[in-house]
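Working notes, structure below.
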Amino acid sequence: MELGINDIRNTQNIQNLKSAKRQDDSFADTIQLPNRDMSGGHAPYDYLAKDGEINYNGVIFRLDTKQNQLHLGDTSDKSKCLNIQLSGGGYLVVNKDNLGQLSDVIGMFNAKDQFLILNALMMERKIKETKGEIEEADSIMIGGKAYTQKEWDQTIDRFDEAEENLQEQVDQAEEEAAQKAMSESDIHIAYERMRKPRRDKTA
16 MELGINDIRN
26 TQNIQNLKSA
36 KRQDDSFADT
46 IQLPNRDMSG
56 GHAPYDYLAK
66 DGEINYNGVI
76 FRLDTKQNQL
86 HLGDTSDKSK
96 CLNIQLSGGG
106 YLVVNKDNLG
116 QLSDVIGMFN
126 AKDQFLILNA
136 LMMERKIKET
146 KGEIEEADSI
156 MIGGKAYTQK
166 EWDQTIDRFD
176 EAEENLQEQV
186 DQAEEEAAQK
196 AMSESDIHIA
206 YERMRKPRRD
216 KTA
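Using my numbering, the letters of the sequence shown correspond one by one to residues 16 to 218.
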C-alpha cells in the first residue's frame with residue numbers, strides 16, 4: 016500500500032526536523048552554505064571532487080554530471096537506493112546498504128542538505144514501521160543489508176549527533192547576528208547624536 020506524505024509527516028520526529036529546517040532557513044543570511052547552482056554539466060559538491068570522485072574521510076562519492084547527481088555505493092538498482100533532492104540543485108543517490116557510511120560523513124553536507132538527508136532517513140524508517148516490517152526483536156532490512164535494531168539505532172544516533180552540532184551552529188549564528196545588529200544600532204545612534212547641533216547653554 017502506498018503511503019501518503021501526510022501519513023509520514025504525522026510522526027514527531029518529522030515535525031521536529033521540519034521545524035528545525037524552518038529555523039535554519041531563517042538564518043540563511045548568517046550561515047554560509049557551500050552548495051551552489053548545479054545547472055548544466057555539474058553535480059552537487061563537485062568543487063570537492065578530483066577525477067570525478069569525492070574522497071571525504073575515506074568515503075567515496077561518485078559524480079554524475081550528466082544527471083546532476085552524487086552517488087554513494089552501488090546505485091545500479093534504483094529500488095535499493097534513496098534519491099534525495101539537495102538544496103542547491105541535483106540529487107544525492109545512496110544505496111541503502113551505505114547509510115552507515117553516509118552518517119559518518121554527514122559533515123560534508125551543508126546545513127540544509129543535512130536536514131534533507133535526516134528527513135529522508137526518518138521517512139524510510141516510518142515507511143517500514145507502518146508496513147509492519149520492523150519488529151523489536153527482528154533485523155531491519157534496508158536495501159540488501161540487514162541491520163539489527165541496535166545497529167539501526169546507532170546509525171540514527173550518529174545523524175542525531177550531527178543535527179545537534181548543527182543546531183549549535185545555528186544558535187551561535189543567531190547570537191552573532193543579534194550582537195552585530197546591536198553594534199550597528201549603537202553606531203547609528205551615536206552618529207545621529209553627533210549630527211545634531213549642540214544647544215548654546217549660555218543663551
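Ideal Cβ positions, reconstructed from N, Cα and C, are used throughout, including at glycine.
- Beta bridge pairing from DSSP links Glu68 with Lys65 and Arg77.
- In this chain, the beta strand (DSSP E) harbouring Gln100 covers Cys96 to Gln100.
- Rounded to whole angstroms, the Cβ separation of His57 and Asn98 is 18 Å, and the two are not in contact under 8 Å.
- With respect to the 9 Å criterion, Asn72 and Asp119 are classified as neighbours on the basis of their beta carbons.
- Rounded to the nearest angstrom, the gap between the Cα atoms of Arg208 and Ser198 is 15 Å.
- Closest in alpha carbon position to Leu78, among Lys111, Gly122, Asp186 and Leu107, is Leu107.
- Per the coordinates, the alpha-carbon of Asn113 lies some 31 Å from the alpha-carbon of Asp186.
- Going by beta carbons, Leu131 and Leu101 fall inside the 9 Å limit.
- Taking 9 Å as the cut-off, the beta carbon of Leu87 is found closer than this to the beta carbon of Asn110.
- Asn70 sits exposed, since fewer than 16 C-beta atoms from the chains shown fall within 10 Å of its C-beta.
- Per DSSP, the beta-bridge partners of Asn110 are Cys96.
- 9 Å or more divides the Cβ of Phe76 from the Cβ of Tyr62.
- Contact check for Lys81 against Asp89 fails: the beta carbons are separated by 9 Å or more.
- In the DSSP annotation of this structure, the continuous segment of the alpha helix (DSSP H) that includes Gln129 starts and ends at Ala126 to Thr145.
- His86 is bridged by DSSP to Arg77 and Val108.
- Contact annotation: Val74 and Gln129 have beta-carbon atoms that are not nearer than 9 Å.
- In this structure, Gln184 places its C-beta atom within 9 Å of the C-beta atom of Ala126.
- Counting the other CB atoms within 10 Å of its CB gives Gly122 a total below 16, which places it among the exposed residues.
- The beta carbon of Ala135 lies closer than 7 Å to those of Leu97 and Ile99 in the same chain, with the five residues before and after it left out.
- Gly104 and Ala64 have their C-alpha atoms spaced approximately 17 Å apart.
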